[in-house]
Amino acid sequence: MDLILETPRLILREMRHEDANSLFEMDCNTNVHKYLWQKPVVHIDEVHAYIDMVRQQYINNGIGRFVAITKDTNELIGWTGIKFVNDHVENGNTNFYDYGYRLNEKFWNKGFATEASNAWLDYGFNQMKIQEMNAYTHAQNGASNHVLQKVGFNFMEDYPDENGVTWKWWQLENNSVK
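Set out below in structure tokens:
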């Protein structure tokens, strides 16, 4: 994808295989996966398979998760972005736009998730003309729930997954598209 978004501190660009080592560092951390089914990756091949999946989403849906890189140090801090969910049902929904992010623990609590979220919402609503953006978070993930609320998402409901874990469903409507 040719798309590159910039914020004051970040460059958001397509995910590539040369990003695998940094993504592996993030995704093998048990703290990062505390609210993500508690399944950290154990082999870099898992990261390469994820990158392949994301790159296929770019082709199929014209959008997907992008890596976030700091402008000052050129470090990959995680991924953020819009995904079109059509491969499973979440809270009774499929064929919807989902906003999400995952950051390496050493970059938590620095405002990066909020900064990237604002850029993606602006792009999704003003460039892609998405009518409704959704997000879902583990009910106990206070930091992620706070970020979504801070950038304007509205909490809709709690719902259980197939394992009985409670998740929160968030939604934000684009009021400029009718």
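In the UniProt record's numbering, the protein residues as written are 1 to 178.
All residues carry an ideal CB built from backbone N, CA and C; glycine is no exception.
Output the boundary residues of the beta strand (DSSP E) element that contains residue i.
i	result
E6	4-6
V54	From DSSP, V54 is part of no beta strand (DSSP E) but of the alpha helix (DSSP H) over 44-61.
K71	Careful: K71 lies outside any beta strand (DSSP E) and carries neither H nor E.
A135	132-138
E173	166-173
F107	Where F107 is concerned, there is no enclosing beta strand (DSSP E), given that its DSSP letter is neither H nor E.
G92	No beta strand (DSSP E) holds G92; DSSP gives it neither H nor E.
R13	10-14
E157	154-160
Indicate whether residue i and residue j have their beta-carbon atoms separated by less than 8 Å.
i	j	result
A143	W167	no
N95	Q131	no
I77	F112	yes
R13	I69	yes
N91	Y35	no
D19	V67	yes
Using only the alpha-carbon positions, how far apart do residue i and residue j sit?
i	j	result
W79	Y50	12 Å
D52	F84	16 Å
F155	I82	18 Å
G152	F24	31 Å
Q57	N86	10 Å
L148	H48	28 Å
R102	Q127	23 Å
E172	N134	It is Leu, not Glu, that sits at residue 172 in the sequence shown. Rounded to the nearest angstrom, the two C-alpha atoms are 6 Å apart.
I11	E75	10 Å
K150	T114	8 Å
D122	H146	19 Å
E162	D98	19 Å
Quick check on the burial criterion: 16 or more other C-beta atoms within 10 angstroms. Buried or exposed for residue i?
i	result
T7	buried
D72	exposed
R65	buried
S176	exposed
V42	exposed
N104	buried
V89	exposed
First and last residue of the alpha helix (DSSP H) that includes residue i?
i	result
L36	It is not in any alpha helix (DSSP H) - L36 carries neither H nor E in the DSSP assignment.
N145	142-150
N118	112-126
F24	20-27
Q. Below 8 Å, can you find three or more Cβ-Cβ pairs linking the segment 31-49 to the segment 101-116?
A. In short, these stretches touch, since the Cβ pair count reaches three.
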